[in-house]
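Residue numbers (the working numbering): 1182 to 1460.
Using N, Cα and C, we set each Cβ at its ideal position, and we do this for glycine too.
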Ligand SMILES: Nc1ncnc2c1ncn2[C@@H]1O[C@H](COP(=O)(O)OP(=O)(O)O)[C@@H](O)[C@H]1O
Ligand SMILES: [Mg+2]
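Set out below in C-alpha cells:
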C-alpha cells in the first residue's frame, strides 16, 4: 500500500466519532550543535469520543512535544492534526493541563479557576456558578477566596484541573498532572478525571510515568518509543472490577498484573534498545 493509501485507510478507520486524528505527523528539532533530530516520522494516532488513552514512554521520547503539536503550541513540519466536531457540529476544544499547575499567585482560587474562560470570552454569572460548583465538588469551597501560596499541592492541582475543565473541552490533554502528589491525592484526582468522562463524554489523553495510573484510568495504553518515536505497543484495558470502576477497584482487578507486566516489559526493552539504560 502506498503511504497515501495507508493514510486514507487509517483516516477511514478513525471514523466519524474521532475526537482527535493525527495522521502522517512529521516533526523534528535542530539541537544546539546544529544536528537535526527527527522526533516524529509519519506518526498516526487517534482518540475516540469519550475515550481515555494513556501514553507511556521514557523521558525524551517526545510525549510533551506531541501534546504541544496537538494543542497547537507548535506547528508540525507536516502532517494532519484534526480535532473532531461536537455532535451539534460546532468546533471541538482542547484543554491542556501541564505538570506544573501555573496558577497566577496574585489571583484567588476562584479567579484562577475562571482564567481559562477569560482567555477566550467574557465570564458570565453562570460561569461563576459553575466554577463554584466544581470547586465545591473538589472540596475547595473554604479556600475559594484564598491565594495559591496558601494551598497544598493537591489543592493547587485541583484548581488547575477546574480551570482546565471549565472551558467545556471535548479533549483534555494531561501531561503528568499528578506526578508531584501524594498517593491518596493522586487516587482522588484519578477518580475525578474518570467521573468527568462519565458525566460529559470528554476524551482524555494522559501522559504518565506511572504504569499503574495508566492502567487504572485508561481504555487504552500506548507505548511511545524509539527515535523517530512510534507506537510500539497499544494495549486495550478491560478490567473486571467489583462495582464501578474507580482508581482503587481498577488496581484490584484480576487482569491488572498481566497488563502491568506487558507494559513494564515494553518500557524496559524500549529503554535498553533505544537509550542504552533503564531509566
Ligand atoms: N524546543 C526544542 N528544541 C530542541 N529540542 C527539543 C525541543 N523540545 C524538545 N526537544 C527534544 O525533543 C525530545 C523529546 O522531548 P519531549 O517531548 O519533552 O519528551 P518527553 O515529554 O517524552 O520526555 C527530547 O530529546 C528533547 O530534548
Ligand atoms: Mg514531557
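Short note on residue 1281: C-beta not closer than 7 Å to any heavy atom of ligand 2. Take the alpha-carbon of residue 1360 and the one of residue 1239: they are about 15 Å apart. DSSP, read as helix, strand or coil, puts residue 1278 in strand.
Assigned with DSSP and collapsed to three states, residue 1230 falls in coil, not helix or strand.
Distances from the CB of residue 1360 to the heavy atoms of ligand 2 are all 7 Å or more. The criterion of a C-beta distance shorter than 8 Å is satisfied by residue 1352 and residue 1264. Look at the beta carbons and you see the region 1333 to 1342 touching the region 1370 to 1383: at least three pairs across the two are nearer than 8 Å.
Between the C-alpha atoms of residue 1417 and residue 1232 there is a straight-line separation of about 11 Å.
Between residue 1448 and residue 1303, the alpha-carbon positions lie close to 45 Å from each other. Spanning the alpha carbons of residue 1292 and residue 1346 requires a straight line of approximately 14 Å. When the Cα atoms are used, residue 1425 and residue 1438 turn out to be separated by approximately 19 Å. Taking 3 residues as the shortest admissible run, the region 1409 to 1459 contains the following complete beta strand (DSSP E) segments, listed from N- to C-terminal end: 1411 to 1417. Taking all protein chains in view, the Cβ of residue 1429 is surrounded by fewer than 16 other Cβ atoms within 10 Å, so the residue is classified as exposed. Between the alpha carbons of residue 1414 and residue 1274 lies a gap of roughly 28 Å. Distances from the alpha-carbon of residue 1406 to those of 1357, 1244, 1309, 1281 put 1244 closest. By the criterion of a C-beta distance shorter than 6 Å, residue 1226 is surrounded in its chain by 1203, once the five residues flanking it on both sides are discounted.
In this structure, DSSP gives residue 1335 a helical state, which the three-state scheme calls helix.
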